[in-house]
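Enquirer: Residue numbers for the sequence shown follow the working numbering, beginning at 1 and rising by one.
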Amino acid sequence: MNEFSFSCKTQVHFGAGVHRKLLDVLPKCAKSVLLVKGVSDKTSAPVRALLTDAGVKVKTVVCDSEPTIRTVNDACSVDRCDCIVVCGGGSVIDTGKALRVALQKGGALTDDDFALTHSAEDCVPLIVLPTTAGTGAEVTSNAVLGALNSFAKISLRGPALQPDVALVDPTLMLSAPKSVVLYSGLDAVVQNIEAYTSAYSSPLTQAFSGPAIKSTLMALRDVLESGHAGAWSQLAFGSLSSGLALANGGLGAAHGLASVLGGACSGPHGALCGRLLTPVMRANIKSPFCTVRIQSDIEFCQNAIAQVFEPTDPVDPCSGFDRWVDAQDLPRLSHWGVRTDQMESLAQSAVMASSSLKNCVNLDANELTQVLREAH
Numbered sequence: 001m002n003e004f005s006f007s008c009k010t011q012v013h014f015g016a017g018v019h020r021k022l023l024d025v026l027p028k029c030a031k032s033v034l035l036v037k038g039v040s041d042k043t044s045a046p047v048r049a050l051l052t053d054a055g056v057k058v059k060t061v062v063c064d065s066e067p068t069i070r071t072v073n074d075a076c077s078v079d080r081c082d083c084i085v086v087c088g089g090g091s092v093i094d095t096g097k098a099l100r101v102a103l104q105k106g107g108a109l110t111d112d113d114f115a116l117t118h119s120a121e122d123c124v125p126l127i128v129l130p131t132t133a134g135t136g137a138e139v140t141s142n143a144v145l146g147a148l149n150s151f152a153k154i155s156l157r158g159p160a161l162q163p164d165v166a167l168v169d170p171t172l173m174l175s176a177p178k179s180v181v182l183y184s185g186l187d188a189v190v191q192n193i194e195a196y197t198s199a200y201s202s203p204l205t206q207a208f209s210g211p212a213i214k215s216t217l218m219a220l221r222d223v224l225e226s227g228h229a230g231a232w233s234q235l236a237f238g239s240l241s242s243g244l245a246l247a248n249g250g251l252g253a254a255h256g257l258a259s260v261l262g263g264a265c266s267g268p269h270g271a272l273c274g275r276l277l278t279p280v281m282r283a284n285i286k287s288p289f290c291t292v293r294i295q296s297d298i299e300f301c302q303n304a305i306a307q308v309f310e311p312t313d314p315v316d317p318c319s320g321f322d323r324w325v326d327a328q329d330l331p332r333l334s335h336w337g338v339r340t341d342q343m344e345s346l347a348q349s350a351v352m353a354s355s356s357l358k359n360c361v362n363l364d365a366n367e368l369t370q371v372l373r374e375a376h
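#1: Under 8 Å, do valine 128 and valine 18 count as touching if we go by C-beta distance?
#2: Per DSSP, which residues does histidine 13 bridge with? Please list them.
#3: Do three or more CB pairs link the stretch 9-18 to the stretch 152-169 at distances below 8 Å?
#4: Extract the residue ranges of the beta strand (DSSP E) inside the stretch 73-114, only unbroken runs of 3 or more that lie entirely within it.
#5: Mapping DSSP to helix, strand and coil, what is serine 287?
#6: For the beta strand (DSSP E) containing serine 155, list its first residue and its last residue.
#7: For serine 32, which residues does DSSP report across the bridge?
#8: Let me make sure I understand the geometry here. Which of Val223, Gly89 and Ala271 has the alpha-carbon closest to that of aspartate 187?
#9: Are the CB atoms of serine 355 and glycine 252 nearer to each other than 8 Å?
#10: Could you check what DSSP says for lysine 42 in three-state terms: helix, strand or coil?
#11: Are proline 163 and lysine 97 closer than 8 Å when you measure CB to CB?
#12: Output the distance between the C-alpha atoms of glutamate 3 and aspartate 313, rounded to the nearest integer angstrom.
#13: Determine the extent of the alpha helix (DSSP H) in which asparagine 142 is found, giving its start and end residues.
#14: Check whether the stretch 314-323 touches the stretch 219-233, taking contact to mean three or more Cβ pairs, one atom from each stretch, closer than 8 Å.
#15: Which of the three DSSP states, helix, strand or coil, is assigned to proline 203?
#16: Would you report the Cα separation of isoleucine 84 and valine 189, rounded to the nearest angstrom?
#17: Does the Cβ-Cβ distance between leucine 244 and glycine 146 come in under 8 Å?
#18: Excluding five sequence neighbours on each side, which residues of the same chain lie with their C-beta closer than 8 Å to the C-beta of lysine 153?
#19: Secondary structure at aspartate 122, three-state DSSP: helix, strand or coil?
#20: Can you tell me whether DSSP reads valine 338 as helix, strand or coil?
#21: Alpha carbon to alpha carbon, how far is alanine 306 from phenylalanine 321?
#22: Considering only DSSP beta bridges, list what proline 130 is partnered with.
#23: Does the distance from the C-beta atom of glycine 88 to that of cysteine 63 stay below 8 Å?
#24: How far does the alpha helix (DSSP H) with glutamine 307 in it extend, from its first residue to its last?
#25: Is the number of C-beta pairs between the stretch 234-249 and the stretch 199-215 that are closer than 8 Å three or more?
#26: Excluding sequence positions up to five away, which residues of its chain have a Cβ less than 7 Å from the Cβ of lysine 178?
#27: According to DSSP, is cysteine 63 helix, strand or coil?
#28: Helix, strand or coil: how does DSSP classify threonine 135 here?
#29: Spell out a yes or no on whether the stretch 66-73 and the stretch 40-51 are touching, meaning 3 or more CB-CB pairs, one atom from each, closer than 8 Å.
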C-alpha cells in the first residue's frame, strides 16, 4: 500500500434535526453573528430564530447570484461579527468561506489570491449548514468565485476556508427545487466517481467514495422519482462523502472541463458535470494510458451505475444512466450557449485545470474536445 495522508479539520454533525445544535457549537463569546444565506427564507428562518431567541445579534448577507470576488469584497462593509454562520447551497457556502478570509484582509481579495495562507485561527469562527446535497463544500478548504477582471472562475484554496463546524441536516434540504436537486445531486455523484478514480486517490478516499457512488445514485433517483423522504439522508451523506474524498484525493477531467465551461457559459456547475461524466469515463477507459488498475477502478464505477440504471446498450454500462438523465431533462451543453467553434479553445484551457491534472489518465486537448462534442 502506497503512502497517503488524510485530513478533515471540520467537526461534522450529521442527521435529521442537527441544525438545532447550532447554539451548542456556537462560540460562547459570540454575541454577534453574520448570517450568510440564499434568497429564500424558508430554510434559513429556523436558523435565524435559534440565534435571535438566544439573544444573539444577527446581521445578514443575502446571496442572490453566483459568488464573485467583487460581491464578496463588497459584503465586507458589514460591521464586525464574532462568528459567521452559513445556511445555503454550495455557492452560498463558498461565499461565506471566502467572506471569512476577506474580512480578515479588509475586503481586499484579488484574482491572484489562489493560495491563501491565513489559518483558521486568524479568522472568525465559521459554521455551515448546507441546504443542498451536492458540493460537499462543508468539509473542503476551497471556494469557487468569479474573477474580478475576467469571466473566468477561480478556486481559492487555504486552511482558513475549511469550516470549523458543519451541521449536515437533511431536513434543511427538502424544499429545494427539482432542478437544484438534480444538478447538485449529480455533482455529488461525479465527485464520488472522480475522487474514486483520481490519480491521487487512496484506500481511505476510496473507502468514502466507493460505496457512495451506488447509494447516492439510488437516493437521487428515489428523491426525484418518488420524493422518498428516507432517501434524503443518503443523498446528504453521499454529498458529505464526496467532499471528504475530493478534499483528500482530488477530482478529474469532468470537473476540469466544468471549471472552464463555468466561466464561458451560463450552465450550473452540477448540470455541466452531470452531462460530462459518461463522455469522460469513456475517454478515460479508451486512453492508451489506462492501466489494468485504472481500468479496474473505472469498471467499479461503471458497475455501480449499471446496478442502479439498467443499461440499454449491452456494450455500454452507462447507457441506462444516460437515458435517465435525458428523461430528467438534464440540458446538453448546447442549451447553455456552448458553441462548437469554442470547443477546441475550451479543451486547451481545460487540459491544465487543476482537476484535469488529477484525472486518472492524461487526456489531451483532442480527447477533451471529443468529450465536449459528445456532451453537446
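C-beta atoms are modelled at their ideal positions from N, C-alpha and C, and glycine is treated no differently.
Expert: So, from the data block:
#1: no
#2: Leu167
#3: yes
#4: 83-88
#5: coil
#6: 153-157
#7: Lys57
#8: Ala271
#9: yes
#10: coil
#11: yes
#12: So the two alpha carbons sit approximately 39 Å from each other.
#13: No alpha helix (DSSP H) contains asparagine 142, which is instead part of the beta strand (DSSP E) from 142-146.
#14: no
#15: Helix.
#16: 29 Å
#17: no
#18: Val144, Leu145, Gly146, Ala147, Ser259, Gly262 and Gly263
#19: helix
#20: coil
#21: 7 Å
#22: Gly88
#23: yes
#24: 292-308
#25: yes
#26: Leu224
#27: The DSSP-derived three-state label of cysteine 63 is strand.
#28: Three-state DSSP puts threonine 135 in coil, outside helix and strand.
#29: no
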